[in-house]
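Residue numbers (my numbering), protein chains in the order written: chain B, 11 to 90; chain U, 11 to 90.
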């Protein structure tokens, strides 16, 4: 079963990488860019056939390793 | 208008970060993890109200800056 965990910075947390991308896009003549926020996607292939159980385990993995919950939020989606 | 660009490594391209996460998850007693692939999410807030045009511009940004198309694929989604 494939599961996607998307980790993004919480609102209010500075995102220097996003700022750098925003600046570069302005230089490249994309003046319509107002703000850029960056994050990570982690796609997990699990030996697990029950979607509920796969989601629960992926959530534990995110809490224990993938996300730093002081500054990051995460979303778990079942892909197939 | 908010647009999400998800950049992931093409199939067959080595993903050392994914391998490291996979190893760490095994150590943390998640033996059901078969494979891990990592990628980036870039959320763009654009001064653009037409969804078709916003998608087209985000695609150009991905081709010019956000993705390295030799080793990476990207997907553009309109959020709102």
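We put the beta carbon where it would ideally sit given N, CA and C, even for glycine.
Check                                                                                                : Outcome
Assumed close pair residue 31(U), residue 81(B) - CB separation to whole angstroms, cut-off 8 Å      : Their Cβ separation, rounded to whole angstroms, is 18 Å, which puts residue 31(U) and residue 81(B) out of contact at 8 Å.
Chain B contact residues for residue 55(U), given Cβ-Cβ distances below 7 Å                          : 44 and 45
Where the region 60-80 of chain U meets chain B: residues whose CB sits under 8 Å from a CB there    : 67, 70, 71, 74, 75 and 76
Segment limits, beta strand (DSSP E) that includes residue 49(B)                                     : 43-56
Partner residues on chain U for residue 50(B), Cβ-Cβ distance less than 8 Å                          : 48, 49, 50 and 51
Three-pair Cβ contact test at 8 Å for the region 62-74 of chain B versus the region 64-78 of chain U : no
Beta-carbon spacing of residue 20(B), residue 83(B) below 9 Å                                        : yes
Straight-line Cα distance separating residue 40(U) from residue 77(U)                                : 31 Å
Bounding residues of the beta strand (DSSP E) (the contiguous stretch that carries residue 12(B))    : 12-19
Residue 87(U) at chain B interface by Cβ criterion, 9 Å                                              : no
Beta carbon proximity, residue 28(B) to chain U, threshold 9 Å                                       : yes
Minimum Cβ-Cβ distance from residue 58(U) to chain B less than 9 Å                                   : yes
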